[in-house]
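Data block below; observations after.
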Amino acid sequence: MNNNAPDTRNMIYFLIASMVLLFGYQYFVTGPQQKKLEAQRAVAASQSASSSSAAVAAGLPVGAPATLTREQALAAAPRVAIDTPSLRGSLSLKGAIIDDLYLKKYKDSTQPNSTDVELLLPRGSERAYYIQSGYLGQNIPGLPDDNTVWTVASGDVLAPGKPVVLTYDSGAGLVFTRNLTIDDNYMITVEDAVANTGPGAVAFSPYSTVIRYDMPLHPERTGVVHEGAIATFPNKIENGKVDRYKTQSLKYKDMVKKPDEKLLKDKPSLGGWFGLTDRYWMAAVIPAQDQAVQFTAKTTVQNGKPIFQSGYQDQSVTVAPGQTWKSQSHIFAGAKLNAQLQAYEKDLKIPRFGYATDWGSLQFLTYPMYWLLDKLYGFLKNFGFSILALTVIVKLVFYPLAHRAYESMTKMKQVQDRLKPKLDDIKKRYPDDQQKQQEATMKLYQDEKVNPMAGLGGCLPMLLQIPVFWALYKVLLLAIEMRHAPFFGWIKDLSAPDPSSFVNLFGLLPFTPADVPLIGGILAGPLHLGVVAILYGGSMWLSQQMTPTANVDPMQKKMLAFMPVILTFFMAQVAVGLIIYWIWSNILTIFQQWTIMHRLKVENPIDNGVAKIKALLDKKKAA
């Protein structure tokens, strides 16, 4: 073993960690964008093989062609307004469809006068997104469908404490009633009733489904957060009992590859819930939890664009003459606030509803990270300061291990500096025999009672923090509480990249880099570099300078010196909250390294800099 072994290994581990980040960028950012383009090509290619008749025959209804503007679609049918503290919009009496919802508490951007987030879009419009509940059956005269216009029996606005009752008389012995109530947040309760006043029994299957035309307008591009169909259903049903529920999801980009196929093909369920989810918002249909249903997620193609669908169909119901069938279900349409989801899960007994938030495979880290950040925010009232406080907590947890590792590395550097003449002599004695060099070096270490592996622990604290780093990254991406959460100054959204750029001198020049002709995409993409990323690069460089190393060859030095530059440009693309965490972590690490090196009287950049400044001041004073 040569005398460079510990530092070489440390360098290798550092490079591995860095490459994980770099390849992660390729996999999670560039990769999904390319796959999306391929998926769109696949949809276009499959258009000729699909037809609207096949789509309708596949089970739950798909809906009318989307050709109208939003205003035209809203005017195409009579409507009932929806107005709550959290939602505004309307439901269409044509088909009794909920297809017009805005989220009052959330804006499209951080810009002044930004509009409310649009969740559901009218059926018939270009990017229609709606929730439809109805009945399927054969040879039933007057069974309501997409084009049936319901009548308002009572209520003019659906609001908390103000229900709306819709009715429809088939004219053939069936009277349909739908009672809608809504809470202050995002849950709608649907009470359906079908009265059979005819001479014979009638059999039908109730259904409820979420339908979306085309991909989200602003899809989540990292691939880290789930967007697409989501379903919670029993893992196994035995003797009418559920052993446990599980949650399954299908990304839009995967659904679009298999048009006209049932991707969750008529799976049986007892209760559960089903829907389509985005990064922060979700629309879901929830049957009665004792109701046996079949659920499906599928994609059809219409006019070259995908139509996504996720919903359920009840078992066939038979209503005898003179009898009335009744059922209660729920519809969720809104923001995925963790506390609210868990409250619905508890109060309405909706299984795993809190899992609508995609905590990922590292949930044991991600959720506690979110919980702790949320608690810190409750005290500090600023998520930026909460991230700083969280960083201190993480550093305290790792402090004993990090302290021993840095101290061991520092002492190892002292030993190697002391033995450097003897190590150089070994190289001169065996210039062309690596094996002899290693044997002589090991014997020297044994004689001096030196453990050459002692410096290996220096990378361990950094490696152990990578899962924590990843968990925080996930939280910043998926937790709606982080969306548009400001820090101070120009940082208005901790979940987005730093908007400042060196290209326009961080806002001093009156233009936006992304708007520069021909090269705007490059300036706002790979070459984007803001204030926070530059601070990160500086803190990483200083931390690297403070890390004890010995006998590193020139090539290794060049590679290590270039690493902060690479990672600075990479980090400029990620959420600014994540960079703030890493900068503060680097600063705390630098302070910890300095205290050890200063105590052991080991040369370091900070002490050297202080000494130079002091000498300069003394020189000026003497002059």
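FYI, the numbering used here numbers position 59 of the sequence shown as 63, with every residue one higher than the one before it. Ideal Cβ positions, reconstructed from N, Cα and C, are used throughout, including at glycine. Just so you know, these numbers come straight off a predicted model, no measurement behind them.
| query | result |
| --- | --- |
| Distance, Cα to Cα, residue 126 vs residue 510? | 41 angstroms |
| Within a Cβ cutoff of 7 angstroms, which residues of the same chain sit near residue 607, ignoring the five residues on either side of it in sequence? | none |
| Going straight from the alpha carbon of residue 585 to that of residue 293, what length do you get? | 42 angstroms |
| Go through its chain and collect everything with a Cβ distance to residue 288's Cβ below 6 angstroms, but skip five positions before and after it. | 277, 279, 336 |
| Whole angstroms are fine: how far does the CA of residue 409 sit from the CA of residue 441? | 27 angstroms |
| What residues in its chain sit with their C-beta under 6 angstroms from that of residue 539, if we drop five residues either side in the sequence? | 587 |
| Hey, quick one: how far does the beta strand (DSSP E) through residue 255 stretch, first residue to last? | 249-255 |
| Residue 595 to residue 397, Cα distance in whole Å? | 15 angstroms |
| Which stretch, first to last residue, makes up the alpha helix (DSSP H) that contains residue 536? | 535-550 |
| Out of curiosity, what's the CA-to-CA distance linking residue 622 and residue 610? | 18 angstroms |
| Output the residue ranges of the beta strand (DSSP E) runs that lie fully inside the stretch 192-243 and measure 3 residues or longer, sorted by chain position. | 206-217, 232-238 |
| How close, in whole Å, do the beta carbons of residue 452 and residue 423 come, if the pair is a contact with beta carbons under 8 angstroms? | 7 angstroms |
| How should residue 360 be labelled, buried or exposed, when 16 other C-beta atoms within 10 angstroms of its C-beta is the threshold for buried? | buried |
| Is residue 523 buried or exposed, if buried means 16 or more other CB atoms sit within 10 Å of its CB? | exposed |
| Does the Cβ-Cβ distance between residue 220 and residue 149 come in under 8 angstroms? | no |
| To the nearest angstrom, how far is it from the Cα of residue 218 to the Cα of residue 131? | 6 angstroms |
| Is it the case that the Cβ atoms of residue 210 and residue 323 are separated by a distance below 8 angstroms? | no |
| Are residue 134 and residue 102 closer than 8 angstroms when you measure CB to CB? | yes |
| Count the C-beta pairs between the stretch 295-312 and the stretch 164-178 that are closer than 8 angstroms, then say yes if the count reaches three, no if not. | no |
| My output table needs one value for residue 428: the three-state DSSP class, helix, strand or coil. | helix |
| Under 8 angstroms, with one C-beta from each stretch per pair, do the stretch 485-496 and the stretch 379-389 reach the 3-pair mark? | yes |
| Can you give the beta carbon distance from residue 548 to residue 564, rounded, assuming they're within the 8 angstroms contact cut? | 6 angstroms |
| Grouping DSSP H, G and I as helix and E and B as strand, with all else coil, what is residue 74? | helix |
| What is the DSSP secondary structure of residue 588, counted as helix, strand or coil? | helix |
| Relative to the C-alpha of residue 580, which residue among 531, 624, 486 is closest? | 486 |
| Tell me the rounded alpha-carbon separation between residue 559 and residue 429. | 22 angstroms |
| Determine the direct distance from the alpha carbon of residue 416 to that of residue 469, and round the result to whole angstroms. | 23 angstroms |
| Could you tell me the alpha carbon to alpha carbon distance between residue 3 and residue 249, rounded to whole angstroms? | Outside the modelled stretch of the chain, which goes from 5 to 627, sits residue 3, for which no answer is possible. |
| So for residue 289, helix, strand or coil by DSSP? | strand |
| Please say whether residue 183 and residue 161 have beta carbons closer to each other than 8 angstroms? | no |
| When you compare only the Cα positions, how much space is there between residue 118 and residue 112? | 6 angstroms |
| What residues match up with residue 183 in a beta bridge as DSSP calls it? | 169, 195 |
| Can you list, in chain order, the residues of its chain with a C-beta nearer than 8 angstroms to that of residue 501? Leave out the 5 residues immediately preceding and following it. | 532, 534, 576, 577, 578, 579, 580 |
| Should the stretch 348-355 be regarded as contacting the stretch 299-316, the criterion being three or more beta carbon pairs within less than 8 angstroms? | no |
| Just to confirm the assignment: which complete alpha helix (DSSP H) runs, minimum length 4, are found wholly within the stretch 557-619? | 558-575, 580-603 |
| With distance defined between alpha-carbon atoms, name the residue in 439, 229, 507 nearest to residue 474. | 229 |
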